[in-house]
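Visitor: Shown below is the structure under consideration.
In our numbering, the protein residues as written are 263 to 997.
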């Protein structure tokens, strides 16, 4: 590794003149990160971000560009345009990403705004101009990805962005350039399809790129644009990457009928479970009554999630329905005696839910034992099956269950079948401590005429509000809907105090209700909960940190190691580390597993509505949701509650929507075997093997170069990215 002076002289990092090196201002970095974490509402407002945007400190400029984008304010986006010419590639990358993020919530139609405010058109023009002349490959990537995900207003704007991206694709696009094309394809219903010439490039990338991540996102792009062709599918089915083969089999409709059937049979025998899961999906494409013979075998697959997904799929019509019913009944009546104890109930529960959809009479014969089962997962299956069967009596029993998630499922079923005939049950459920139960009950009471509903809703709202938990937003907002419908001006005194609620969203909703009741505007004056002080600067610079996740033996045991992205997400990292030290995750449940998508959990009550508060701020970055990455689940912007999920496959549709907190560096096979209801035995901080020094601002960058580069004054050095796994060089440029 060498530093090359503009004049051609060579220096090693240790030869950098001492007077050119200034250690980053840690106090300024902390103020900057605090301003971002407070979304500009803290004591210093956004001034630390504004100051850092023009700082001579490279690290501060880079982080400030990212922070400005995360605030999603078009006026800040306008300030980032100048940074597209910054001498440091890492800063230019963050500026490109920040510009796109700053306008993400603007209307697609191009409208003039205040002079200092960036419009979607302005963002597109700035990114396009920079893309034409940018010399650095990693910045080209960021510009292209950012340009593609802008909310373009029409097909003309989208095709212009597409042309600019393709012009810098250099034959076969990189992963980030493909991201830009993927996002354009996502918006096809609003802005039109990709051009035939671009589709041809994407097809070539799907089979010819040397990067499997590019081949995957190219296939996903072709699926979005309905542009899968038989040659691409046939070639991808032989790919060495299992995710490519999975995406190819899910595009099997591009093949002739005979080829299609053979491809599905081959995929069902693939050594990778992700491909076998794809085969399950493929059996259901293009026909109402599928040939389920492949599913009969996959229902006994050695990989539990494959077997369970196949059982689910048997709940739709098959050409041989009696055979499908026989398979389902076999799994209902044959006890599972091997494998983890906590996994043994799953096959019968899945079979019950599927059987209820294809043979209601036979399913009814098995329902009672699930209603009275000891396991809450089995009783949830009973509630789901009872909903399918329209068995109101069973649903009434389950609505009184001791488990909140069972109650939730049962109330949703009653709302569908009993409707307001079960209003007394919904009203009583508003007193539940389970947020998911209150949410379901308040939802079911829409349009009610029950005399006690309003008072119960007020009391439930008062009780939950007193807990001062931001994670109660969803049930409280639904309660406010019912209060707004059922109440009137004379009830104002019961709501008035909440115009200063700790949750801004709730306070605004209360103000709207009162304004409607009184027919005059009332302004909310929220008093947000304090944001806990964290050592954000120290966290960002502390270097690699890992979490060791151990699963309970009853859930199959095993461990996986998460490397946290402290540089990208310091606030998220600080929260996860603190919770790990406190033992917060020990004994928590992973309640959601979506095959070839995510495994999610880590909150209380095995529910997405109960987690750690106050809410976490999103820390959206340049990374992508690749298989094995760890994301933070939310229910809207800045609503993370420390629940996390594992990406079980590449999920490009999640990019720039959810914080990527880290990635699995070992134990992915353990994560692959997680089933709903599995228990986390412990989450511990694992410093084993963690190097000294900070994290790299660019994936694959040598930390020694970062230390030499990021501490220099602005204009002192520029990172040159080289091939993955090699040490990059740094080129000295004239100041």
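Heads up, the beta-carbon is just placed ideally off N, CA and C, and yes, glycines get one too.
Among all the DSSP beta bridges, which residues are the ones paired with residue 261?
Guide: Any property of residue 261 remains undetermined from this structure, which presents the chain solely from 263 to 997.
Visitor: Can you pull the DSSP bridge partners for residue 906?
Guide: Per DSSP, 863, 894.
Visitor: Any idea what DSSP makes of residue 539, helix, strand or coil?
Guide: The answer is helix: DSSP assigns residue 539 an H, G or I state.
Visitor: For the 8 Å Cβ check, are there 3 or more pairs between the segment 843-854 and the segment 883-894?
Guide: The segment 843-854, when compared against the segment 883-894, does not touch it at the 8 Å Cβ threshold.
Visitor: Looking at the secondary structure, which residues open and close the beta strand (DSSP E) in which residue 923 lies?
Guide: Run containing residue 923: 922-928, per the beta strand (DSSP E) assignment.
Visitor: Would residue 334 and residue 379 qualify as a contact pair, given that the criterion is a beta-carbon distance under 8 Å?
Guide: No. Outside cutoff.
Visitor: For residue 460 and residue 299, what's the separation of their Cα atoms in angstroms?
Guide: Computed Cα separation, rounded: 40 Å.
Visitor: How would you call residue 329, buried or exposed, if buried means at least 16 neighbouring beta carbons within 10 angstroms?
Guide: Label assigned to residue 329: buried.
Visitor: Taking the alpha-carbon positions, what's the residue 569 to residue 560 distance?
Guide: The alpha-carbon atoms of residue 569 and residue 560 are separated by roughly 6 Å.
Visitor: To the nearest angstrom, report how far apart residue 297 and residue 914 are at their CA atoms.
Guide: Distance between the alpha carbons of residue 297 and residue 914 is about 29 Å.
Visitor: Closest to residue 687 by CA distance: which of 677, 695, 696 is it?
Guide: Ranking the options by Cα distance to residue 687, first place goes to 677.
Visitor: Would DSSP call residue 822 helix, strand or coil?
Guide: Of the three classes helix, strand and coil, the one that applies to residue 822 here is strand, per DSSP.
Visitor: Ends of the alpha helix (DSSP H) at residue 386?
Guide: Counting along the chain, the alpha helix (DSSP H) containing residue 386 begins and ends at 382-395.
Visitor: Residue 361 and residue 410 - do their beta-carbons sit closer together than 8 Å?
Guide: Against a cut-off of 8 Å, the Cβ pair of residue 361 and residue 410 comes out as no contact.
Visitor: Buried or exposed for residue 603, please, with buried defined as at least 16 other CB atoms from any protein chain shown within 10 angstroms of its CB.
Guide: The residue in question, residue 603, is exposed, as its Cβ has fewer than 16 Cβ neighbours within 10 Å.
Visitor: Classify residue 308 as helix, strand or coil using the three-state DSSP reduction.
Guide: Residue 308: coil per DSSP, three-state reduction.
Visitor: Would you mind working out which of 640, 943, 837 sits nearest residue 905, comparing C-alpha positions?
Guide: Closest option to residue 905, Cα to Cα, is 837.
Visitor: If you follow the beta strand (DSSP E) that residue 812 is in, where does it begin and where does it stop?
Guide: Per DSSP, residue 812 belongs to the beta strand (DSSP E) from 807-813.
Visitor: For the segment 662-722, which segments carrying the alpha helix (DSSP H) assignment without a break, of at least 4 residues, lie completely within its bounds, in sequence order?
Guide: Counting whole runs of 4 or more residues, the segment 662-722 contains the alpha helix (DSSP H) stretches 666-679, 685-691, 697-706.
Visitor: Do you know offhand how far residue 588's Cα is from residue 618's?
Guide: Roughly 13 Å separates the two Cα atoms.
Visitor: Just list the residues that DSSP pairs residue 946 with in beta bridges.
Guide: 810.
Visitor: Tell me which residue opens and which closes the alpha helix (DSSP H) that residue 1080 is part of.
Guide: Outside the modelled stretch of the chain, which goes from 263 to 997, sits residue 1080, for which no answer is possible.
Visitor: Give the DSSP bridge partners of residue 878, in chain order.
Guide: Paired residue(s): 902.
Visitor: Going by the beta-carbon positions, is the gap between residue 801 and residue 923 smaller than 8 Å?
Guide: Their beta carbons are not under 8 Å apart, which means residue 801 does not touch residue 923 by this criterion.
Visitor: So what's residue 839 in DSSP terms, helix, strand or just coil?
Guide: Correct three-state label for residue 839: helix.
Visitor: If contacts are defined as beta-carbon pairs under 8 Å, then residue 484 and residue 468 qualify, I think. What distance do you get, rounded to the angstrom?
Guide: Yes, residue 484 and residue 468 are in contact; Cβ-Cβ is about 6 Å, under 8 Å.
Visitor: Taking three-plus beta-carbon pairs below 8 Å as touching, is the segment 445-460 in contact with the segment 492-500?
Guide: Touching, no.
Visitor: Would you decide whether residue 432 is buried or exposed? Buried here means 16 or more other CB atoms lie within 10 Å of its CB.
Guide: Label assigned to residue 432: exposed.
Visitor: Would you mind reading off the limits of the alpha helix (DSSP H) that contains residue 476?
Guide: From DSSP, the alpha helix (DSSP H) with residue 476 extends over 474-486.
Visitor: Quick one: using the 10 Å Cβ neighbour count with 16 as the cut-off for buried, is residue 940 buried or exposed?
Guide: With 16 or more Cβ atoms within 10 Å of its Cβ, residue 940 is classed as buried.
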